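Trainee:
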């Protein structure tokens, strides 16, 4: 088993400004290929500390993955520290310079002379291409240890991890039967309840379960190793799907919004959205997905009553008697939106996200949803708990879930 | 300066299940009291790894704060590993046992026999009370090093950090003036350019700079220590503001959207939004902020041409001749939105977020903005680079920035 460590570099990681997410990202990628991370360290932008950490790791580990400190500014010190730690000179690397120049050429910007510094790498470094940023990564071999240096920006780091680091790890290890994982995203049940349900389901031997939370979703992870991993997971999936059935809102990499978009595309139905308390978030989630213009006709964020009246034709009597946050208003919004947009489906959301605006009858967290379809209209109110952000997140998921259930129900 | 390290223990921290947030929490608390964290490490629930980490740290550091691995189950190994590392016996600690019993009595639950294990601590440990959980913490003195062992559950850890760890640190150090930081969020300049500009600005001695990136914003951080820290930062802020002037879009905790919301509230002006390629994201950012209903009348996500025509009155000729992604269309959207909503301001965005839909004349990343105000209308096109997510993020910031510049310009 390869001994692998991660070293993350950056003042922001040890001064409280942000939590390190690169370690978890690397650990997930490693474990998907059957590797395991042994430990992780973070140091600030201090040359001596980076040097000490690299020196300590390269004698005890087979693989060291370093992230951060490859930028163009004066506080980016990783390449210099690595050179010192390993007793190498820092040299201007032509391949790296060419890569930086190309990046600027591609993005149509002028290269600042300071970016040249990013091509100063330790002697005998191998340059690792960075497809989405200026900082080239590099790797070094020192004794039995492979050291990889990647940028700290998560999206760049992750791309280079997959493109350059994992292939080298697999090469060192020969063929390793990768550990496999299958993730089920669950809405409407909390973690202990999911655990209880799954404990009663007959999973084949060799399948392990783990949990994660991405509020308000619970992620149930089935894991297996070895050559039969996929077969085992296929067999485990049957009882899990049976036990959790309608609570599974997405599987694997797919998101709930992605699932809804896929179902909508397949159905050929068109959609419009009338949002109030979610402020355009449901629309934003769906339009995150390329191709959403095929089904999404329009969305409205009708914060003011005049907007609800003008565009959605919500009657003045409803706004006066029931109020903007009410079953009647949600229903009028969905029906009015469907009429205005001429779409097959229209979803509306109206509620009180807080922290102000709540009353005894309608406390903060009160949210009404309505869905108008060619067949009928449904409307229902919920009471969500937590702060503004949590209530809005919950409302976005519930809105998407209403769409998902309707679309799934239509198929059967 | 005390040399302080954090060691976080738990399989979940190195198998990708979750990111460590305790380190950042501890670092923030330390820096509020003028201390600085030197580095951080994470290891899994492996006794030998915990032992090795403790042993390595206690000779090089003055303070080591360990979190995690104090629970009742078989994979909680920190106390045993600490005892081995420091050559002490593990003994049943009466104070700790009494504390665990009290916790269960208070919460009206029966104590499971496994919880007794949590009172097995290294010899000569000082028990640290845990007001909100079962696991007592403890501290050890080894040579010149104070080691603190806290539970991994963030809320318990944080309470004990403030109750037991920080007082001991202050005792060791006497009174220390806290380090201060001021963050400027910059749009429209990349990192090396900001560094170049700031390098030419006359900053008072004792003020250090550092950088961060939150795409597309660059964060410039001014830092100072000691009793005069605030005065120094006040003095540094003048030349920094002069040098970067209109590129500073927010300061400190505030976001660009928060700044726009504050400026809008102060101005008394109302706003409506007509979004196409940003799909409701600008609206979602502004409605994140409590109180946004005071200025935001409505937003529209007009994906389909029919929506642009119906609601915004975009002329058929514009859609046919210029297309939906054009200066003429952006302008018609903003003017039509302002008229429809009856607001003081209306902002429109229309563009091609990709990955499909680009042409030679209008490649992916082409985005037009228009702002209609009581005084006039402005319109302009940009070409942004990157993937769908990056182009949308850039467009959201540029849209907010148009609003910010208009509102700032109005004040002067």
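Protein chains in written order, with the working numbering: chain A, 643 to 1054; chain B, 643 to 1054.
Ideal Cβ placement from N, Cα and C applies to all residues, glycine included.
On a predicted model such as this, the values are computed, not experimentally measured, just so you know.
1) Residue range of the beta strand (DSSP E) that residue 745 (chain B) falls in?
2) If the cut is a Cβ gap below 8 Å, which residues of chain B does residue 754 (chain A) touch?
3) Quick one: what does DSSP say residue 839 (chain A) is sitting in, helix, strand or coil?
4) Could you check which residue in A:832, A:786 and A:829 has the C-alpha nearest to that of residue 811 (chain A)?
5) Would you mind working out which of A:984, A:1006, A:981 and A:982 sits nearest residue 992 (chain A), comparing C-alpha positions?
6) Which residue marks the beginning of the alpha helix (DSSP H) containing residue 635 (chain A), and which one marks its end?
7) Using a Cβ-Cβ distance cut-off of 8 Å, determine whether residue 932 (chain B) contacts chain A.
8) Which of helix, strand or coil does DSSP assign to residue 770 (chain A)?
9) If contact is defined by three or more beta carbon pairs under 8 Å, each pair taking one atom from either stretch, is the segment 683 to 696 of chain A in contact with the segment 652 to 659 of chain A?
10) Mind checking residue 963 (chain B): buried by the 16 CB within 10 Å criterion, or exposed?
11) Taking Cβ positions only, does residue 942 (chain A) come closer than 8 Å to chain B?
12) So which residues of chain B does residue 683 (chain A) contact, with C-beta pairs closer than 9 Å?
13) Are the C-beta of residue 829 (chain B) and some C-beta of chain A separated by less than 8 Å?
14) Specify the secondary structure class of residue 866 (chain B) as computed by DSSP and reduced to three states.
15) Please specify which runs of the alpha helix (DSSP H), each continuous and at least 4 residues long, are wholly inside the segment 661 to 728 of chain A, giving them in chain order.
16) Ordered along the chain, which non-local residues of its own chain (more than five positions away) have a Cβ less than 7 Å from that of residue 795 (chain A)?
17) Is the segment 698 to 715 of chain A close to the segment 703 to 719 of chain B, with three or more CB pairs under 8 Å?
18) Using 10 angstroms around the beta-carbon of residue 713 (chain B), count the other beta-carbons present and answer buried if the total reaches 16, otherwise exposed.
19) Given a threshold of 16 other Cβ atoms within 10 Å of its Cβ, counted over all protein chains shown, does residue 887 (chain A) qualify as buried or as exposed?
20) Measure from the C-beta of residue 657 (chain A) to each C-beta in chain B and report whether the shortest distance is under 8 Å.
21) Can you give the Cα-Cα distance for residue 708 (chain A) and residue 895 (chain A), rounded to whole angstroms?
22) Can you tell me whether DSSP reads residue 917 (chain B) as helix, strand or coil?
23) Residues of chain A with CB closer than 7 Å to the CB of residue 909 (chain B), please, in chain order.
24) Among the residues of its own chain, which have a CB less than 7 Å from the CB of residue 1026 (chain A), if the five just before and after it don't count?
25) Write down the C-beta distance between residue 875 (chain A) and residue 885 (chain A) rounded to the nearest angstrom, noting that I regard them as a contact closer than 8 Å.
26) Quick one: which residues of the segment 910 to 929 of chain B get their C-beta closer than 7 Å to a C-beta of chain A? List them in chain order.
27) Just to check my reading of the structure: residue 1013 (chain A) and residue 976 (chain A) have Cβ atoms closer than 8 Å, yes? What is that Cβ distance to the nearest angstrom?
28) DSSP three-state call for residue 958 (chain A): helix, strand or coil?
29) For a contact defined as C-beta to C-beta under 7 Å, what are the partners of residue 773 (chain A) on chain B?
30) Could you check the C-alpha separation between residue 1058 (chain B) and residue 931 (chain A) for me, to the nearest Å?
31) Can you tell me whether residue 800 (chain B) is helix, strand or coil according to DSSP?
32) What distance in whole Å lies between the Cβ atoms of residue 947 (chain A) and residue 799 (chain A), which are believed to be in contact at a cut-off of 8 Å?
33) Got a sec? Which residues, its chain only, sit under 7 Å from residue 773 (chain A) by beta carbon, not counting five neighbours each side?
34) What does residue 852 (chain A) touch in chain B if you count any residue whose Cβ is under 8 Å from its own?
35) Using only the alpha-carbon positions, how far apart do residue 670 (chain B) and residue 851 (chain B) sit?
36) Report the neighbours of residue 714 (chain A) on chain B: residues whose CB is nearer than 7 Å to its CB, in chain order.
Mentor: Checking against the coordinates, here is how it stands:
1) First-last for residue 745 (chain B): 736 to 748, but that is the alpha helix (DSSP H), not the beta strand (DSSP E).
2) For the C-beta of residue 754 (chain A), the chain B residues within less than 8 Å are, from N- to C-terminus, 832, 834, 835 and 838.
3) Here residue 839 (chain A) sits in helix by DSSP.
4) Of the candidates A:832, A:786 and A:829, the one whose C-alpha sits nearest the C-alpha of residue 811 (chain A) is A:786.
5) Minimum Cα distance to residue 992 (chain A) is reached at A:1006.
6) As shown, chain A starts at 643 and ends at 1054. That puts residue 635 (chain A) outside it, with no answer to give.
7) It does: the Cβ of residue 932 (chain B) has a partner Cβ on chain A nearer than 8 Å.
8) Of the three classes helix, strand and coil, the one that applies to residue 770 (chain A) here is strand, per DSSP.
9) Counting Cβ pairs under 8 Å, three or more are found: they touch.
10) Classified as exposed, residue 963 (chain B) has fewer than 16 neighbouring CB atoms from the shown chains inside 10 Å of its CB.
11) With 8 Å as the cut-off, residue 942 (chain A) counts as an interface residue toward chain B.
12) Neighbours of residue 683 (chain A) on chain B, chain order: 681, 682, 683 and 684.
13) Not closer than 8 Å to any Cβ of chain A, the Cβ of residue 829 (chain B) fails to qualify, so no.
14) Three-state result, residue 866 (chain B): strand.
15) Taking only runs of at least 4 residues, the alpha helix (DSSP H) segments lying wholly in the segment 661 to 728 of chain A are 664 to 674, 689 to 702 and 720 to 727.
16) Only 775 meet the Cβ criterion.
17) Verdict: no, contact absent.
18) By the neighbour-count criterion, in which a residue is buried when 16 or more other Cβ atoms sit within 10 angstroms of its Cβ, residue 713 (chain B) is buried.
19) Burial call: exposed.
20) For residue 657 (chain A), the nearest beta carbon of chain B is closer than 8 Å to its own beta carbon.
21) Taking the straight line from one Cα to the other gives about 26 Å.
22) Assignment of residue 917 (chain B) by DSSP, reduced to helix, strand and coil, places it in the strand class.
23) What residue 909 (chain B) touches in chain A: nothing, since even the nearest Cβ is about 17 Å away.
24) Leaving aside the five residues that flank residue 1026 (chain A) on each side, the residues in its chain whose CB is nearer than 7 Å to its CB run, in chain order, 1007, 1009, 1033, 1036 and 1037.
25) Contact doesn't hold; Cβ gap of about 15 Å is too wide.
26) Correct list: 921, 922, 923, 925, 926 and 929.
27) Right, their Cβ atoms sit about 6 Å apart.
28) Helix at residue 958 (chain A).
29) Those do not exist, as residue 773 (chain A) stays about 10 Å from chain B at its closest Cβ, beyond 7 Å.
30) Because chain B spans 643 through 1054 in this model, residue 1058 (chain B) falls outside it and cannot be assessed.
31) Reduced to three states, the DSSP call for residue 800 (chain B) is helix.
32) Rounded, the Cβ-Cβ distance is 47 Å, inconsistent with contact.
33) Apart from the 5 residues on each side of it in sequence, residue 773 (chain A) sits with its Cβ closer than 7 Å to the Cβ of 801 in its chain, given in chain order.
34) 659, listed in chain order.
35) Distance between the alpha carbons of residue 670 (chain B) and residue 851 (chain B) is about 18 Å.
36) Here the neighbours are 833 and 834.
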